[in-house]
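This report concerns only the one structure given below.
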Amino acid sequence: MTSSSERPLLFLDVDGPLIPFGSSAGHWEVAAASSTTVDQGNPLLARLDPDIGERLIALGCRLVWATTWMEQANEVIAPRIGLPRLPVLEWPDADAGGAPQCPHWKTRPMVEWAAGRPFIRVDDEISAIDRLWVDTGHPGPSLLHRVEPAKGLSGADFGALAAWLDAVVPR
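For reference, each letter of the sequence shown is one residue, going 2 to 172 in the numbering used here.
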């Protein structure tokens, strides 16, 4: 993997994978790099692991926010976990009309953004139907990795991501 265009994409959700929904026991207290209106009244931000950004970067993928946080992920989440500013996947207008062509509204925009390149989706809302749709609609390798939302990204999740990358991407 020599350039960012050759690296697999990693589409990253926030709620569930980075901010676990389970008990706050054992989660980190992370000081805000800056205070924004999103920070105020959001006690779940304390659940962010301040070291997780380094682990994500170490995977060697081109990271892309794929979250309803949109640009606020760069303003609020990235500084707290040590990530640089990342591209943000834009979502289709919910009122655009027409029947959905895949079960989760995130799936189609990710496949379009990937444009045949290898990609990983890290999310807590992935189903077998999403996997089938991607398998039939995306010509390149892909991994739709579901994270347990009560726990967030774990060592086992990072192991699975690294194993897939080792199998798919020549080093």
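Glycine included, every Cβ here is placed at the ideal spot set by N, Cα and C.
Bear in mind the structure is a predicted one, so any value in this text is a computation, not a measurement.
Quiz item: Among the residues of its own chain, which have a CB less than 7 Å from the CB of glycine 151, if the five just before and after it don't count?
Solution: According to the sequence as given, residue 151 is alanine; it is not glycine. Only Pro21, Phe22, Gly23 meet the Cβ criterion.
Exercise. Pull up the CB-CB distance for leucine 146 and valine 123, whole angstroms please, since I reckon it's below 8 Å.
Key: Per the sequence shown, residue 146 should be read as histidine rather than leucine. Right, the Cβ-Cβ distance comes to about 5 Å (below 8 Å), so this counts as a contact.
Quiz item: Buried or exposed: where does isoleucine 82 fall if 16 or more other Cβ atoms within 10 Å of its Cβ makes it buried?
Solution: buried
Exercise. Kindly give me the distance between the Cβ atoms of arginine 63 and arginine 8, rounded to whole angstroms, as I take these residues to be in contact under 8 Å.
Key: 5 Å
Quiz prompt | Among Leu10, Arg132, Trp114, the one whose alpha carbon lies nearest that of isoleucine 58 | solution = It is Leu10 whose Cα lies nearest to the Cα of isoleucine 58.
Quiz prompt | Proximal residues to methionine 71 (C-beta, below 7 Å), its chain only, five neighbours per side dropped | solution = Val89
Practice problem: Find out if the Cβ-Cβ distance for the pair lysine 107, alanine 67 is shorter than 8 Å. | Solution: yes
Quiz prompt | Coil, strand or helix - valine 170 by DSSP | solution = coil
Practice problem: Would you mind reading off the limits of the alpha helix (DSSP H) that contains arginine 132? | Solution: 129-138
Quiz prompt | Identity of the residues DSSP links to serine 155 by a beta bridge | solution = Answer is none; serine 155 lacks a bridge partner.
Practice problem: Using three-state DSSP, classify arginine 147 as helix, strand or coil. | Solution: strand
Quiz prompt | Contacting residues, own chain, Cβ-Cβ under 6 Å from proline 142 (five flanking each side not counted) | solution = Pro119, Val169
Quiz item: Nearest CA to the CA of glycine 54: which residue from Ala47, Gly156, Leu84, Gly61?
Solution: Leu84
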